[in-house]
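Contents: one structure, followed by commentary.
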Amino acid sequence: MATKAHIKLNTKKLYQADGYAVKELLKITSVLYNAMKTKGMEGSNVGEEDISKFKFDLGSKIADLKAARQLASEITAKGASLYDLLGKEVELRELRTEAIARPLEINETEKVMRIAIKDILAQVQKTKDLLNNVASDEANLEAKIEKRKLELERNRKRLQTLQSVRPAFMDEYEKVEEELQKQYDVYLEKFRNLAYLEQQLEDHHRMEQERFEEAENTLRLMQNKLKEEEKRLLKSGSNDDSDIDIQEDDESDSELEDRRLSKPRTAMEVLMQGRPSKRIVGTMQGGDSDEDEDSEDSEMNMEDDEEDDDDLEDESIALSPAKPSRRVRKPEPLDESDNDF
């Protein structure tokens, strides 16, 4: 194709049997299609007589071209040899004239003729011997060929017998092969299931991670909102100093707590409402008396009550961790008695 039609094909792409191979084949088909198209166009334009007149046989011309090339090479070789012989013509002319001028002797001529005849007879005898040897060699070769044919036939029969005989382990081999095929099918199924489960696990982990990140974002937003609300409440609470405003703040805080946590009241408020307020009165007299003991007991009870109040406040804070801190009005510290003085 490359030398005659001037079409270069990439065999590597051609043997791949893909789109690149189609591109390579298009080079040939395009040339053939264009040739057919031009031929059809010429057939439509030119008549049958013109086609027969200008018919051109490319095969015969190629054979003539090869013969012309061979003759040209032979002519060149003959011309070179002729030139060499003509160069030796000067010496050969002298030798030829001497041979013609020398007189011929009959005895010497007969002697030379006899020697030539003997040589020819020897060659004939040698040729006859070779012919006889060829006949014997032919017989030997025929015998060897016959012997080899017999050996070939015997080996063919032996092969047929071996093929017809079934080995003893063939049944076991077939069973093992079937079992291997079943195990391979099971392996393929398990491998596919494992790949599917791994994919599902990865999807599950990814969804959990996304859910966790979303929860973190929501918690962060809630914390920011609560911090802003706490700051706002602290800022509004700092301007209120009266007990009425504090009570209103407590009521509003209790309403917010009821609204958020759906609880009636905190344990701190219940404890503060259930405990009656006490007032301790001291005297200027020294010594231990019943009133002094009562005053000391009352002071101890007040300290215990304050500790209980702190514990209840901690519990209420633990119950509502996300709730902003509330200002709880603690009871005013009682005046120390005269006994401490």
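Take 1413 as the starting number for the sequence shown in my numbering and just add one per residue.
Virtual Cβ for every residue (Gly too), placed ideally from N, Cα, C.
Judged by DSSP in its simplified three-state form, L1421 adopts coil rather than helix or strand. A straight line joining the alpha-carbon of Y1599 with that of E1610 spans about 16 angstroms.
Beta-carbon to beta-carbon, K1425 and Y1432 are separated by about 4 angstroms, close enough to satisfy the 8 angstroms threshold.
Annotation: the continuous alpha helix (DSSP H) that includes L1613 extends over M1582 to S1650. Approximately 6 angstroms separates the beta-carbon atoms of I1419 and V1443; this is inside 8 angstroms, confirming the contact. Excluding the 5 residues flanking it on each side, Y1596 has no same chain C-beta neighbour closer than 8 angstroms. Between the C-alpha atoms of M1582 and A1547 there is a straight-line separation of about 54 angstroms.
Across the structure, F1603 and E1563 are spaced so that their CA atoms are roughly 55 angstroms apart.
Under the rule that a run must span 4 or more residues, no alpha helix (DSSP H) segment is found entirely inside the stretch 1509-1544. N1446 is positioned such that its CB atom lies no closer than 8 angstroms to that of E1436.
The DSSP-derived three-state label of K1490 is helix. In the three-state scheme derived from DSSP, where H, G and I count as helix and E and B as strand, A1555 is classed as helix. Look at V1443 here: in three-state DSSP terms it is helix. Secondary structure of Y1427 (DSSP, three-state): coil.
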